[in-house]
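Chemist: Quick one: structure below, then a few questions.
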Amino acid sequence: MEDSNDSNHHSLQKLHCSVKNYDWGLPGKLSHVAKLSELNSGFQFDPMKPYAELWIGTHDSGPSFLVSKDGEESVTLKDWIFKNPDLLGDKVVQKWGSDLPFLFKVLSVGKALSIQAHPDKELARRLHKLHPDVYKDGNHKPEMALAMTDFEALCGFITLEELKAVIHSVPEVLGLVGDANADLVLQTSDQTDEEKVKPVLQAVFTHLMSASKETVTDAVNRLINRLQTESEVRPLTEKELLVIRLENQYPSDIGVIAAFFLNHVKLNPGEALFLGANEPHAYLSGECIECMATSDNVVRAGLTPKYIDVPTLCSMLTYKQGIPEILRGVSMNPYVNKYIPPFEEFEIDHCTLPKGERVVFPAVPGPSIFLVTAGEGTMNTVSPEVYELTEGDVLFAPAYTEISVASESELHLYRTGINSKFFEES
Ligand SMILES: [Zn+2]
Numbered sequence: 076m077e078d079s080n081d082s083n084h085h086s087l088q089k090l091h092c093s094v095k096n097y098d099w100g101l102p103g104k105l106s107h108v109a110k111l112s113e114l115n116s117g118f119q120f121d122p123m124k125p126y127a128e129l130w131i132g133t134h135d136s137g138p139s140f141l142v143s144k145d146g147e148e149s150v151t152l153k154d155w156i157f158k159n160p161d162l163l164g165d166k167v168v169q170k171w172g173s174d175l176p177f178l179f180k181v182l183s184v185g186k187a188l189s190i191q192a193h194p195d196k197e198l199a200r201r202l203h204k205l206h207p208d209v210y211k212d213g214n215h216k217p218e219m220a221l222a223m224t225d226f227e228a229l230c231g232f233i234t235l236e237e238l239k240a241v242i243h244s245v246p247e248v249l250g251l252v253g254d255a256n257a258d259l260v261l262q263t264s265d266q267t268d269e270e271k272v273k274p275v276l277q278a279v280f281t282h283l284m285s286a287s288k289e290t291v292t293d294a295v296n297r298l299i300n301r302l303q304t305e306s307e308v309r310p311l312t313e314k315e316l317l318v319i320r321l322e323n324q325y326p327s328d329i330g331v332i333a334a335f336f337l338n339h340v341k342l343n344p345g346e347a348l349f350l351g352a353n354e355p356h357a358y359l360s361g362e363c364i365e366c367m368a369t370s371d372n373v374v375r376a377g378l379t380p381k382y383i384d385v386p387t388l389c390s391m392l393t394y395k396q397g398i399p400e401i402l403r404g405v406s407m408n409p410y411v412n413k414y415i416p417p418f419e420e421f422e423i424d425h426c427t428l429p430k431g432e433r434v435v436f437p438a439v440p441g442p443s444i445f446l447v448t449a450g451e452g453t454m455n456t457v458s459p460e461v462y463e464l465t466e467g468d469v470l471f472a473p474a475y476t477e478i479s480v481a482s483e484s485e486l487h488l489y490r491t492g493i494n495s496k497f498f499e500e501s
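The numbering used here numbers the first residue of the sequence shown as 76 and each following residue consecutively.
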């Protein structure tokens with residue numbers, strides 16, 4: 076083995092990462108993404124421009140670059156890993172090849188993202204083959220959002236009981252789904268098994284989502300006028316208040332009505348939501364750390380000016396009902412909390428290290444990426460080199476590297492790596 080490769084084995088690599096200015100991002104002056112990317116890459120953010128996502132990883136749509144000691148960007152993380160696959164560890168290379176299987180992001184959500192779902196592996200491959208211009212990516216995209224601030228999302232379908240209540244209390248929904256479909260819902264018993272409820276929900280939701288633009292505009296206008304009138308005589312429900320907010324952001328959009336069908340989930344900082352394939356969701360507000368399989372594969376169906384694909388979305392969904400599971404993490408030691416979703420590609424550690432403390436991240440058989448979101452300190456491996464840490468720093472650590480972190484002020488950092496369960500099972 077060459078010396079240059081050998082010296083990579085326990086040394087860390089600082090990275091410069093890509094930023095995305097999607098229009099749903101928070102304006103620079105309020106956006107953690109803007110601040111972190113300014114500190115990460117040294118450009119100056121625009122206080123008024125939206126900053127939505129910081130991308131850390133090897134995806135071609137938002138590459139990360141290695142940074143030399145004098146701060147110069149050199150090769151992409153993707154090229155470097157491709158040339159030095161042993162950085163990933165043999166188990167990871169056997170399973171996923173010479174590329175990082177996960178993509179790590181920070182999100183600053185100012186207004187709702189589109190209602191979307193991510194196809195499973197088989198559908199992802201099929202969509203990519205059929206419409207490579209729209210579905211540019213052939214990989215699946217399970218994802219997990221870990222709240223940094225209060226965070227809101229729409230996620231998964233409400234229960235049958237709740238759907239019956241919507242049909243009774245929201246005349247605009249009844250108008251869009253039609254009497255026959257509404258009767259189908261009302262006649263389904265809550266005791267009926269899940270497999271019988273799913274086709275009913277699918278029929279109703281598909282009918283709703285397929286309504287013509289004019290019908291939708293008319294229904295949304297009637298809904299908003301009615302809620303404004305009723306707000307003078309009764310307090311609006313949380314869902315109704317949300318719907319008014321969504322209409323402000325996306326007037327005449329079917330997503331405003333579709334929100335009645337989905338769970339409104341609120342996360343406290345430190346709580347996480349994970350989304351398997353084919354689960355409908357839309358992030359609404361707040362800031363989070365997000366991790367996913369390396370992919371950008373999205374099927375959209377509302378709350379967006381982008382291309383929407385209602386038939387694909389409505390046929391792919393699982394139509395599972397009820398509140399999704401919230402992860403609160405597992406304590407690894409006094410400073411580190413680990414979030415383990417049911418996907419092989421990734422997990423997230425959140426570390427809060429008070430001033431003057433030290434913590435060790437044990438060596439694991441796969442790569443890790445660290446992001447410092449607040450505070451100052453140092454990081455080192457078994458090699459004598461010490462890396463200064465400050466907010467916005469991103470470091471890549473090769474497989475089989477023990478990492479020691481010390482804080483000079485209260486330090487907040489996130490680590491993503493391959494899911495520990497993958498190594499236990501393989
Ligand atoms: Zn998503």
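In this text, a Cβ means the ideal position worked out from N, Cα and C, and glycines have one as well.
Put Val167 into one of helix, strand or coil per three-state DSSP.
Modeler: Residue state, collapsed to three classes: helix.
Chemist: Can you tell me which of the three DSSP states Gln266 falls into?
Modeler: If DSSP states are grouped into helix, strand and coil, Gln266 belongs with coil.
Chemist: Go ahead and pull the three-state DSSP assignment for Leu486.
Modeler: Strand at Leu486.
Chemist: Which same chain residues end up closer than 8 Å to Phe157 when comparing Cβ atoms and leaving out the 5 residues on each side of it in sequence?
Modeler: Excluding positions up to five away in sequence, the list reads Ser173 and Asp174.
Chemist: Assuming contact is defined by CB atoms lying nearer than 9 Å, are Pro442 and Gly117 in contact in what I supplied?
Modeler: Cβ distance not < 9 Å, so Pro442 and Gly117 don't count as in contact.
Chemist: Taking the alpha carbon of Lys216 as the reference point, which residue from Phe421, Gly330 and Lys341 has its own alpha carbon closest?
Modeler: It is Phe421 whose Cα lies nearest to the Cα of Lys216.
Chemist: Under a three-way DSSP split, which group does Asn494 fall into?
Modeler: Reduced to three states, the DSSP call for Asn494 is coil.
Chemist: Would you list the one or two residues that DSSP bridges to Tyr462?
Modeler: Answer is Met454.
Chemist: Glu362: which of Ser93, Leu90, Trp99 and Ser86 sits nearest, CA to CA?
Modeler: The residue with the shortest Cα to Cα distance from Glu362 is Trp99.
Chemist: What residues in its chain sit with their C-beta under 6 Å from that of Met76, if we drop five residues either side in the sequence?
Modeler: Legend: pLDDT at Met76 = 36, less than 50; position of this residue unreliable, value from coordinates given subsequently. Hits under 6 Å: none found.
Chemist: Quick one: using the 10 Å Cβ neighbour count with 16 as the cut-off for buried, is Lys381 buried or exposed?
Modeler: Lys381 should be labelled exposed.
Chemist: For Leu188, which residues in the same chain have their Cβ closer than 6 Å to its Cβ, ignoring the five residues on either side in sequence?
Modeler: Trp99, Ala357 and Tyr358, listed in sequence order.
Chemist: Would you kindly check if the distance between the Cβ of Gly330 and the Cβ of Leu114 is under 9 Å?
Modeler: No.
Chemist: So, are the CB atoms of Leu231 and Gln119 less than 9 Å apart?
Modeler: Here residue 231 is Gly; the residue named in the question, Leu, does not match the sequence. In this structure, Gln119 does not lie closer than 9 Å to Gly231 by Cβ.
Chemist: What do you get for Gly431, buried or exposed, if any count of 16 or more other CB atoms within 10 angstroms of its CB means buried?
Modeler: That one is exposed.
Chemist: Output needed for Glu485: all residues of its chain with C-beta closer than 6 Å, excluding positions within five of it in sequence on either side, in chain order.
Modeler: Pro429, Lys430 and Gly450, listed in sequence order.
Chemist: Taking just the CA atoms, how far does Leu162 sit from Asp78?
Modeler: With a pLDDT of 38 at Asp78, under the threshold of 50, the modelled position of that residue is not reliable, and the figure given next carries that caveat. Roughly 14 Å separates the two Cα atoms.
Chemist: In the DSSP output, what is Trp130 paired with across the bridge?
Modeler: Beta-bridge pairing links Trp130 to Ser93 and Lys180.
Chemist: Taking contact to mean at least 3 C-beta pairs separated by less than 8 Å, is the region 238 to 245 in contact with the region 193 to 206?
Modeler: At 8 Å Cβ cutoff, the stretches do not touch.
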